[in-house]
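Let me begin by presenting the structure, written as structure tokens, before commenting on it.
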Amino acid sequence: MSVARPAARRLISGRLASGPARRRPRFANVRAADMGLMDESQIDKFTKEKFPQYTKEEIEQLRTRYSPEQIAALEAGEAAINPRDLTVQGRLRSDPYALPYIDDFAENQPIVDKRARNKEAPDPNARFMNLDEFTEDLINWADKFQQGDVTGTLKTLVDFVPDEFKKVPEGRWTKEVRDDAQRAFQRYLEGEVNKQAKKNEGFLESESGPTDADVLQYILERSAMTDGNRTTNSSLAPALPSKVPGVAGLYKNAIDPEDGGMDDIGIYQDLKKRTGLTVRAILNLHNKCLVRRWVSNQTRLGKVGKTSIVWVAGNGDGWLGIGEAKSTEPTIAALKARLLAIRNMRPIRRYENRTIYGSVTSKVSGTVVKMSARPPGFGLRVSHRIFEMCRAAGISDLAASIPRSRNPMNSVKAAYHALCNQPNPDEIAIGRGKKLVDVRKVYYGGAVH
1 MSVARPAARR LISGRLASGP ARRRPRFANV RAADMGLMDE SQIDKFTKEK
51 FPQYTKEEIE QLRTRYSPEQ IAALEAGEAA INPRDLTVQG RLRSDPYALP
101 YIDDFAENQP IVDKRARNKE APDPNARFMN LDEFTEDLIN WADKFQQGDV
151 TGTLKTLVDF VPDEFKKVPE GRWTKEVRDD AQRAFQRYLE GEVNKQAKKN
201 EGFLESESGP TDADVLQYIL ERSAMTDGNR TTNSSLAPAL PSKVPGVAGL
251 YKNAIDPEDG GMDDIGIYQD LKKRTGLTVR AILNLHNKCL VRRWVSNQTR
301 LGKVGKTSIV WVAGNGDGWL GIGEAKSTEP TIAALKARLL AIRNMRPIRR
351 YENRTIYGSV TSKVSGTVVK MSARPPGFGL RVSHRIFEMC RAAGISDLAA
401 SIPRSRNPMN SVKAAYHALC NQPNPDEIAI GRGKKLVDVR KVYYGGAVH
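Just so you know, the sequence shown maps onto residues 1 to 449 in full-length UniProt numbering.
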């Protein structure tokens, strides 16, 4: 029985979409070999033309101008640089504005470069202008833009009387002389007014006075010193002399040699005086940022945003302090809060240098913090902010709970208030008139750590 196999499907090849035929390029492709520097012969030719080696005659001429050590350094530099690398890897300008020579612009060429106009050196005796000098300088600058006659050049009534009456007071003039002088003075004023009106008819706006650009140039570029607005060749301000007259010996040096270069800026100098700690001791304190929030103050100019930070600091041996600061800059707020925390450090009472005395509760607003002493090895079973405070104070065994509101700011303040207001066994003994004995210490013979 024969079985007929079906014919295989054939895919008709051809263009599936109608479109324009492929266009031939208008310009023939340029081969890389025709562009040059593709074979070794062309590279060597270009290298010898652009970067020639020193000849023996040139070396002899250089020996007359330079020392043997300089010649040796020159030869070492020539040997270290391969001219072929400059040809292959270098970039020489070929644009129309390229210089016809290779120069590093280290010095001025008198023939091709413009002559440098050196300005006078700055006045070493210049000082800042006082109020009168600044006013005079401003008037001199404004006089350059004045229009019309200068104030004080107009004639007065005295100029229209006879010479024999010019030195006589006006009250002693005769009636005829006074009337003639007033009529002549009136005609003079009318003529001046008409002259000024004709001048203002063709008055250009650009000549009306200083423009905004002139005012800005005066503010930014006008010298505030008594140097006559003298400019210099450098964009840097002249340095102060080693000893400024009138100020010598009055400088406040923030660098203390005892700091060992750890506080050259002088951040901790005031803190050293307040706390009596050294800079090294301040830097070795345990400190941590506990609360960071962004607050805003509504003013008539809008909302002014600030960063509020609460910082904790302690020495790990019974001293603890918190600091709160605000600033528009987060870094400034953090620095102020850290310095305040170190300055506000207070001793924290610790039982056996590991936990607190008994149980204590503190409340700030709607936040309540309850702390309880725990046996050795219990650890710190508290929230993360109270954990950092206990570690900074040197407390290792403590239990704390916050049953009500857990506001970060209030919880830190309540925990600090609780640590600072623990029950004092000595005060209890004095109040009861009895002697208290630590049974645990007596039982273990003092070996309680």
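For glycine and all other residues, C-beta sits at the position ideal for the given N, C-alpha and C. These figures come from a predicted structure and were not determined experimentally.
Taking T135 as the centre and dropping the five residues before and after it, the same chain places no C-beta closer than 6 Å to its C-beta.
If you check the CB distance, A400 and I386 come in under 8 Å. Here the region 354-370 makes contact with the region 415-423; the two share three or more CB pairs at distances below 8 Å. Sequence-distant partners of K166 (beyond 5 residues in either direction) whose C-beta falls short of 7 Å from its own C-beta, in its chain, are V158. In the same chain as A334, and ignoring 5 residues on each side of it, the C-beta atoms closer than 6 Å to its own belong to I309, in chain order. Closest in C-alpha terms to F185, from the list P169, E170, K195, V161, comes V161. Non-local C-beta neighbours of F46 in its own chain, meaning closer than 7 Å and more than five positions away in sequence, comprise L37, T87, ordered along the chain. With fewer than 16 other Cβ atoms inside 10 Å of its own Cβ, V442 counts as exposed. At least 8 Å separates the beta-carbon of R432 from that of I395.
Residue burial annotation: K413 is buried, with at least 16 other C-beta atoms found within 10 angstroms of its C-beta.
Here G366 has R404, S405, N407, N410 as same chain residues with Cβ atoms under 8 Å from its own Cβ, once five neighbours each way along the sequence are excluded.
Excluding its 5 nearest sequence neighbours in each direction, D317 has C-beta neighbours in its own chain below 6 Å: G394, listed in chain order. F145 has its alpha-carbon roughly 60 Å from the corresponding atom of V291.
Measuring C-alpha to C-alpha distances from M225 to each of M129, V304, K195 identifies M129 as the nearest. Of the residues assessed, L320 falls on the buried side of the cut-off, its CB having 16 or more other CB atoms within 10 angstroms. Pairing K306 with T328 gives a Cβ-Cβ distance under 8 Å. Secondary structure note for T87: it is in no beta strand (DSSP E), and the uninterrupted alpha helix (DSSP H) holding it is 83-89. Per the Cβ contact rule, the region 279-298 is in contact with the region 337-357 (3 or more Cβ pairs under 8 Å). Non-local C-beta neighbours of I348 in its own chain, meaning closer than 6 Å and more than five positions away in sequence, comprise G318, L320, A393, L419, ordered along the chain. Rounded to whole angstroms, I43 and A28 show a C-alpha spacing of 25 Å. Between R346 and W311, the gap from beta carbon to beta carbon reaches 8 Å or more.
Relative to G246, the option among P100, N125, R93 whose CA is nearest is N125. Under the DSSP definition of a beta bridge, W311 partners with C289, G323. The straight-line gap separating the alpha-carbon atoms of S223 and I111 is approximately 35 Å.
Non-local beta-carbon contacts of P83 in its own chain, meaning distances under 6 Å to residues more than five positions away in sequence, involve T47, F51 in chain order.
For V412, the uninterrupted alpha helix (DSSP H) segment begins and ends at 408-420.
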